[in-house]
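To keep things clear, I will list the structure first and then write my remarks on it.
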Amino acid sequence: MLSRRDELLIGLGVMVIGAAVLWWIIPNYIATPRRVPIPALSPAFWPKIIAWTIILCGAVLSVRAVLAPTPPDAVVDDLSVTRPEGLRLLALGVILLGIYFALPIVGMVWVSMIAFALLVLLSGGKHLIWGMIAAVVLPLLLYFFFTKVAGVAIPQGQIVRLP
Amino acid sequence: MTFIEALSAGFVMVAQWESILFLALGVTIGVVAGAIPGMSATMAVALTLPFTFALQPIFGILLLLGVYKGGIFGGSIPAILIKTPGTPASSATALDGYPMAEQGRAGEALSMSLYASCIADLISNLALIVFAAWLASFALNFGPPEMFTLIVFSLTIIAGVSGDSLIKGVVAAALGLLLATIGLDFIAGTERLTFGSVDMRGGLNFIAVLIGLFALPEIIAYMRKSAAQDHRVRGMGYSRLKLADFRRSLKSIFRGSAIGVFLGAIPGIGAAPSAFLSYSEARRASPNRDNFGKGEVEGVAAAEAGNNGVAGATLIPLLSLGIPGDVITAIIIGAFMVHNLTPGPLLFVNNADLVYALFIGLIASSFLLLIIGSVAIRAFRYIADVPSNLLFPGVLVLCIFGVYAVNNSVFDVAVMLLMGVVGYIMLILRFPAAPFLIGFILGPMLENNFRQALLMSRGDFSIFARGPITILFLCMTVISVVLIIRSTVKAARLKRELGAYGKKSAMQGPET
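Listed in order, the protein sequences are those of chains A and B. FYI, our numbering numbers position 123 of the first sequence as 113, with every residue one higher than the one before it. With the second sequence counted from 1, adding 3 to any position gets you our numbering.
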């Protein structure tokens, strides 16, 4: 269970998302023909209904958070992130971004090997030898399955190419 | 194609060694994945999905159905041995299974769990065969207005998968519906929410979204905490299931199977309520009701029968109406889509051989589960020992390869990674992911049928009440919404009373 303050912030955040969709994203990023004979057939019709639903739900969440009794501290979950957790999340974010940008250059197999090894190290480095073996073997097995069995052209990158 | 012709053609499709091999492989993967603490049947089905592209439709779908069936049973193994249910529905199994393991009767509990699972699974599959074709023949008369009202009714399934907060479930579903509108508008042909990206014109890849939502958040959550949990695995013990115990539990197994079939056929209810209802009914009716919760073998049988009785029945709305019965069947829709098959009444007309092959394959899966499950019970110690810090990096690598292979698209990998972050934020803010996925799947069907109906009626909304079928679905929707609101208000009131009681006790202090 989250605290009342967190639930209120979530409710307000949901309303902001709904409002942004309704008044910024839909007018700017949904192209509607000049004349739509039936308004319900407009490309913006459903997104608008969805945006209003989100705003309404956000309002209900906010009101509920305000009216609800304060839960006992023992059952409230803390959303705060400790420094080590934050650092690990940051490192994971960098790894995930790195995977996306390195895929076309380094190739999927090598990127997967590096990502696997980095994640093993990030999670404390236990079973390091098995981790390194798995980091090499698993991407190679998947490469051979998808390339040779499924006929999928796995990105090879521009550095080292596999057969 | 007549019934006999379709059945014969289906039998020919299944009677290939590859069909049995992929089905057995699927059951094995499912049992192993379900038995690994931290993995779930949902994640296993999502991760197996990309591997089905290279296979013939029948092999691919049988593989996934095998994973589904195996995963549901597999979840009961850690529930009994380490009190860590592999699936939410296995929580009911842990109520009596774990006390039995503590008494050194784990072997007895696991054997009963396996037999109850297989019997319930078989009954559920037979129900699927009987009811799916009948429902599909009825649904053949549906036009866009009927489909629209049916999907609106199906959206009330969100209540069943919303967890603690219905409103958060509705928000998640709305976000899924919004995400489904990305791409080219099918009437005007204009771009919607593509932000100028060519990759987004075809909409977001369903598999990238689902793998991102269901697999990556677990990896992020693990990496954040990065604390390997030590599981204390109970020994198997030397007790064996006695025939007398099995015979006296049969009534509970059949009752649980019937409950599972009934609740499974209703979209959105899922296995957990079925398992608990079956358990409570067994306790109410049993002469040994005082032993329930302390290690009663009949409790394990009832819970597992309720849990597995759902498995075949959830495929009834999927195959006959194209509506997913729960999250896993929502993922299985992906396998049909990959092979250009559309679940629904027309599947029974255009691909009757495939449908009957699936039915025969499902019956075979119950027997395979019996064999593979009994081996898995003995091998659990090794399965549970897979270190989490090797498991989760492996899952990430599987996700990357699998998602890329769908469309040979690096953009899909980006979508998956982004959806993983979205899924993790939803996880920590207590937004359920299942309604998001259901909204994403049903969104295009909902909108397309709505617009087709309005095109037919030239904008006249009365088309949505044009006949008894649409009126029936609208009435069912209203009743369903009223019941959901009533139960939500009741639950909120109970929570408030408990909260007030908790506060009062805290103020009175520990002395009182």
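The beta carbon of each residue, even a glycine, is placed where N, CA and C say it ideally should be.
Bridge partner(s) assigned by DSSP for residue i
| i | result |
| --- | --- |
| P20 of chain A | The identity of residue 20 of chain A in the sequence shown is Ile, whereas the question assumes Pro. DSSP output for I20 of chain A lists B:R195 as bridge partner(s). |
| L187 of chain B | B:E194 |
For residue j and residue i, the rounded distance between their alpha carbons
| i | j | result |
| --- | --- | --- |
| M103 of chain A | L50 of chain B | 18 Å |
| A231 of chain B | G376 of chain B | Below a pLDDT of 50, predicted positions are generally treated as unreliable, and A231 of chain B, at 48, falls in that range; no measurement from the model is reported. |
| P435 of chain B | F156 of chain B | 20 Å |
| T137 of chain A | L344 of chain B | 25 Å |
| I466 of chain B | L477 of chain B | 12 Å |
| L497 of chain B | T491 of chain B | 10 Å |
| R461 of chain B | A41 of chain A | 25 Å |
| L143 of chain B | I154 of chain B | 15 Å |
| C47 of chain A | M(-9) of chain A | 19 Å |
| F265 of chain B | A316 of chain B | 8 Å |
| M340 of chain B | I64 of chain B | 11 Å |
| A379 of chain B | V34 of chain B | 7 Å |
| W14 of chain A | F35 of chain A | 15 Å |
| A49 of chain A | D329 of chain B | 28 Å |
| K86 of chain B | I23 of chain B | 33 Å |
| A107 of chain A | V126 of chain A | 9 Å |
| L87 of chain A | L109 of chain A | 14 Å |
| A183 of chain B | R243 of chain B | 52 Å |
| L140 of chain A | R250 of chain B | Rather than Leu, the amino acid found at residue 140 of chain A in this sequence is Ala. Spanning the two alpha carbons is a distance of roughly 48 Å. |
| D248 of chain B | V300 of chain B | 7 Å |
| G100 of chain B | G77 of chain B | 14 Å |
| M479 of chain B | T159 of chain B | 10 Å |
| F2 of chain B | A468 of chain B | Nothing can be reported for residue 2 of chain B: it is not among the residues displayed for chain B, which extend from 4 to 515. |
| A261 of chain B | A139 of chain B | 21 Å |
| K38 of chain A | G8 of chain A | 9 Å |
| R258 of chain B | K245 of chain B | 21 Å |
| A3 of chain B | L77 of chain A | The first residue shown for chain B is 4 and the last is 515, placing residue 3 of chain B beyond what the model contains. |
| I89 of chain A | P471 of chain B | 54 Å |
Contact under 7 Å by Cβ, residue i with residue j
| i | j | result |
| --- | --- | --- |
| T55 of chain B | L68 of chain B | no |
| V398 of chain B | A218 of chain B | yes |
| R151 of chain B | F453 of chain B | Note that residue 151 of chain B is Phe in the sequence shown here, rather than Arg. In contact: F151 of chain B and F453 of chain B (Cβ atoms closer than 7 Å). |
| A97 of chain B | G312 of chain B | no |
| A38 of chain B | I80 of chain B | yes |
| K335 of chain B | F14 of chain B | At residue 335 of chain B the sequence reads Ile, which differs from the Lys that was named. No; because the gap between Cβ atoms is not below 7 Å, this pair is not in contact. |
| P60 of chain B | A408 of chain B | no |
| S368 of chain B | A135 of chain B | no |
| G186 of chain B | G215 of chain B | no |
| G309 of chain B | M103 of chain B | no |
| L(-2) of chain A | A55 of chain A | yes |
| N128 of chain B | L365 of chain B | yes |
| P145 of chain A | P74 of chain A | no |
| F443 of chain B | V174 of chain B | no |
| A278 of chain B | P33 of chain A | no |
| P270 of chain B | I326 of chain B | yes |
| I123 of chain A | L457 of chain B | no |
| M115 of chain B | V303 of chain B | yes |
| I170 of chain B | L51 of chain A | yes |
| R433 of chain B | L79 of chain A | no |
| A30 of chain A | E194 of chain B | no |
| L371 of chain B | V358 of chain B | no |
Element boundaries [alpha helix (DSSP H), containing residue i]
| i | result |
| --- | --- |
| F295 of chain B | Premise fails: F295 of chain B is in no alpha helix (DSSP H) and is neither H nor E. |
| G77 of chain B | P60 to G77 |
| A12 of chain B | F6 to V17 |
| T55 of chain B | That residue, T55 of chain B, is in no alpha helix (DSSP H); it is neither H nor E in DSSP. |
| R78 of chain A | R73 to V96 |
| L(-2) of chain A | R(-6) to A10 |
| L432 of chain B | Careful: L432 of chain B lies outside any alpha helix (DSSP H) and carries neither H nor E. |
Residue i Cβ short of 6 Å to the ligand PLP heavy atom set
| i | result |
| --- | --- |
| T60 of chain A | This structure lacks the ligand PLP; in fact it carries no ligand of any kind. |
Looking at chain B, which residues of the segment 10 to 24 of chain A have a Cβ within less than 8 Å of any of its Cβ atoms? V11, I15, Y19, I20, A21, T22 and P23
Could you run through the segment 179 to 207 of chain B and flag, in chain order, every residue whose CB is less than 8 Å away from some CB of chain A? L180, L181, T184, D188, I190, A191, T193, E194, R195, L196, T197 and F198
Interfacial residues, the segment 68 to 82 of chain A to chain B, with Cβ spacing under 7 Å: L69, E75, R78, L79 and L82
The segment 44 to 65 of chain B: positions lying closer than 7 Å to chain A by Cβ: F56 and A57
Please name the residues in the segment 406 to 439 of chain B whose beta-carbon is closer than 7 Å to at least one beta-carbon of chain A, in chain order. Y407, A408, N411, V413, V416, A417, L420, I431, L432 and R433
When you check each C-beta in the segment 116 to 128 of chain B against every C-beta of chain A, which residues fall closer than 9 Å? none
Using a Cβ-Cβ cut-off of less than 9 Å, list which residues of the segment 260 to 282 of chain B approach chain A; keep chain order. none
When Cβ atoms are compared, which residues of the segment 123 to 151 of chain A fall closer than 9 Å to chain B? A124, A125, L128, P129, L132, Y133, F135, F136, V139, A140, G141, V142, A143, I144 and P145
Near-chain B residues of the segment 31 to 42 of chain A - C-beta to any C-beta below 7 Å: L31, P33, W36, P37 and I40
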